[in-house]
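Student: Pasting in a structure now, in structure tokens, and then I'll have a few things to ask.
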Amino acid sequence: MMEAVGAVAEGLDGSTKRFRAKRDAILAAAAQAINEQSAKGMTFADVASRVGLNTTSVTYYFKRKEDLAAACFEYTLDQLQAMLDTALEEPTPEARVARYLAQNMDRLARINRGEATSFAVLSDLRAMEEPVRGRLMAGWRDVFRKTRSLWGAGDTRAHTDLHGARAHVLLENTFWLPVWLGRYDLDQYDRVEARLMAVFARGIAGEGARWSPTRIDLDHDEAEPGREAFLLAATRLINELGYRGASVQKIASQLNVTKGSFYHHLDAKDDLVIACYKRSLTTIADAQRLSEDEPGSYWHKLESAIATLLDIQFSERGPLMRTTALSGLPRSVRSEMVGRSNRIARRYAGMMSDGIAEKSIRPIDPLIAAQALMALQNAAFDMRKWASTMPRERAIAYYASTLCFGLFDDRVLAI
């Protein structure tokens, strides 16, 4: 009798393991699809083909596509929580950040070796429908608060505000890493980790540097009346909801115009996203170009470009388009936009190289520091509510200080 019970238990255990293994494979495939096509672009058919199943088999594990996407996002949130819990075992803020970065680099190395799978990026959380959206956003806030706690409890409101900026920049660099890490061989990952941590720890600016940027005037004459406002409103909505979440109807409704008016400006939704990207990338390139004409050191030129672009992100003139919308575009168009974005990063690296030569910028790896700066610039849109709680100059200084002076330097609190 006991042998029979044991056999049944063993059978159930084996069945449970197979169920979990298949479910995990589906989640991994869905995460890949989300990262490539967004949550709304993911389909059961695509996920099924990635794991060698038919669509009906996938629905056995997840009844609706939204359930599958939510499970992917919840897995990502759980993994972030676990890594942060491990990092919090360290005794100091710098050691905690280093531990958190090391875990992320180890995860990406295991993915490179085929020992682990990517988890879904969280850019589409706001595009989910209620009540799932509320649950996921609550999970994201928990992750953010735990990340902020890496720096300990804030002694003052200013400390709490600064720790919030640091937490956001650290998390966004976590999500940005897979975008550019593929340019390095696996045996270079330890070096990349060390050089990125050096930027986190000590920043970009040279010894004795102060925060005193010049705000650059980027005003342009509108070639077509109303087009700038149209692209600005569309950029805000696409940043919020992603490429597939921001329908033509929603964009037209936010502008209080008809769909016909939309097509007066642009022929198709892809044209809209491309136009928004070109507007944003041109703005960034103009800020870089004009900052290089500023008198003074290369550090001053760089801080002026950063301050100008953060001001746009935090103001009514913003935001700039987030890279998350790229996943919905045709591959050829996406390659063109990524190529231009890479040229912007290389220009930042060039400014840093010149600054290192004149000793106004710390000896850092400029290519790696430029990618960290791209993550900061790209993500600042999400912090506009945070920025609205304080004077604009302070918000810009706090947010920029995270990479300019490092994640552990408090000199900016004097501003």
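Letter by letter, the sequence shown follows residues 2 to 416 in our numbering. Cβ coordinates follow ideal geometry from the N, Cα and C atoms, glycine included. Treat the numbers as computed from the prediction; the structure is a model and nothing was measured.
Of all the alpha helix (DSSP H) runs that stay within the bounds of the stretch 13-69, which reach a length of 4 or more residues?
Tutor: 45-52, 56-62
Student: Just to confirm, are L414 and L377 a CB contact at a threshold of 7 Å?
Tutor: Not closer than 7 Å, so no.
Student: Decide if N55 is buried, meaning its Cβ has at least 16 other Cβ atoms within 10 Å, or exposed.
Tutor: Sixteen is the threshold: since fewer than 16 other Cβ atoms of the shown chains lie within 10 Å of the Cβ of N55, the residue is exposed.
Student: Closest to V274 by C-alpha separation, out of R290, E317, E337, M352, would be which residue?
Tutor: E337
Student: For the stretch 123-143 and the stretch 185-202, state whether three or more C-beta atom pairs, one from each stretch, are separated by less than 8 Å.
Tutor: no
Student: Using a Cβ-Cβ cut-off of 6 Å (strictly less than) and excluding sequence neighbours within five positions of A34, which residues of its own chain qualify?
Tutor: M43, D47, V48
Student: Between which two residues does the alpha helix (DSSP H) holding W387 run?
Tutor: 385-388
Student: Considering only residues of the stretch 172-212, which uninterrupted beta strand (DSSP E) runs meet the minimum length of 3 residues and lie entirely inside it, listed in chain order?
Tutor: none
Student: Mapping the DSSP letters down to three states, classify I112 as helix, strand or coil.
Tutor: DSSP places I112 in helix when its eight states are reduced to three.
Student: Taking three-plus beta-carbon pairs below 8 Å as touching, is the stretch 366-381 in contact with the stretch 394-409?
Tutor: yes
Student: Give the single residue among R158, R114, R280, M84 whose Cα lies nearest to the Cα of Q104.
Tutor: The closest CA to that of Q104, considering only R158, R114, R280, M84, is found on M84.
Student: Taking P367 as part of the alpha helix (DSSP H), name the residues at either end of that continuous run.
Tutor: 367-380
Student: I need the DSSP call for N240, collapsed to helix, strand or coil.
Tutor: In this structure, N240 counts as helix in the three-state DSSP scheme.
Student: Short of 6 Å in beta carbon distance, which residues of its chain neighbour D188, apart from the five on each side in sequence? Order them along the chain.
Tutor: none
Student: Thinking just about the alpha-carbon of each residue, which of L197, P392, R114 is nearest to the one in D312?
Tutor: Proximity to D312 across L197, P392, R114 peaks at P392, based on C-alpha coordinates.
Student: Classify I307 as helix, strand or coil using the three-state DSSP reduction.
Tutor: helix
Student: Which partner residues does I362 have in the DSSP bridge list?
Tutor: A206
Student: Suppose you measure from the CA of F382 to the CA of F315; what does that come to, to the nearest Å?
Tutor: 7 Å
Student: Does any C-beta atom of chain C lie closer than 7 Å to the C-beta of E91?
Tutor: Of the protein chains in the structure, only one exists, and it is not chain C.
Student: Tell whether a beta-carbon distance below 7 Å holds between Y399 and A154.
Tutor: no
Student: Is it buried or exposed for D453, if we count other Cβ within 10 angstroms and need 16 for buried?
Tutor: For residue 453 there is no data in the structure shown, the boundaries of the chain being 2 and 416.
Student: Use the C-beta contact count for F20: other C-beta atoms within 10 angstroms, 16 or more gives buried, fewer gives exposed.
Tutor: exposed
Student: Is it buried or exposed for M3, if we count other Cβ within 10 angstroms and need 16 for buried?
Tutor: In this prediction, M3 has a pLDDT of 46, which is less than 50 and means its spatial position is unreliable; what the coordinates show is noted afterwards. The residue in question, M3, is exposed, as its Cβ has fewer than 16 Cβ neighbours within 10 Å.
Student: Which same chain residues, not among the five before or five after D366, have their C-beta less than 7 Å away from its C-beta?
Tutor: R196
Student: E75: which of E241, T148, V52, D143 sits nearest, CA to CA?
Tutor: D143
Student: From the DSSP output, in three-state form, read off G135 for me.
Tutor: helix
Student: Let me confirm a value: D162 is counted as buried when at least 16 other C-beta atoms fall within 10 Å, else exposed. Which label applies?
Tutor: buried
Student: Using three-state DSSP, classify A103 as helix, strand or coil.
Tutor: For A103, the secondary structure class from DSSP, reduced to helix, strand or coil, is helix.
Student: State buried or exposed for K41, treating a residue as buried only when at least 16 other CB atoms are found within 10 Å of its CB.
Tutor: buried
Student: How about T309 and R216: do their beta carbons lie closer than 7 Å?
Tutor: yes
Student: For Q250, count neighbouring Cβ atoms within 10 angstroms of its own Cβ and tell me buried if that reaches 16, exposed if not.
Tutor: The residue in question, Q250, is exposed, as its Cβ has fewer than 16 Cβ neighbours within 10 Å.
Student: To which residues of the same chain is T77 closer than 7 Å at the C-beta, ignoring the five residues directly before and after it?
Tutor: F120, A121, L123
Student: According to the neighbour-count rule (16 or more other Cβ atoms, all chains shown, within 10 Å of its Cβ), is T148 buried or exposed?
Tutor: buried
Student: Alpha carbon to alpha carbon, what distance is there between E116 and A10?
Tutor: Low confidence applies here, because A10 scores a pLDDT of 45, under 50, leaving its location unreliable and the question unanswered by this model.
Student: From A210 to K66, what distance separates their C-alpha atoms?
Tutor: Taken atom to atom, the span from the alpha-carbon of A210 to that of K66 is near 51 Å.
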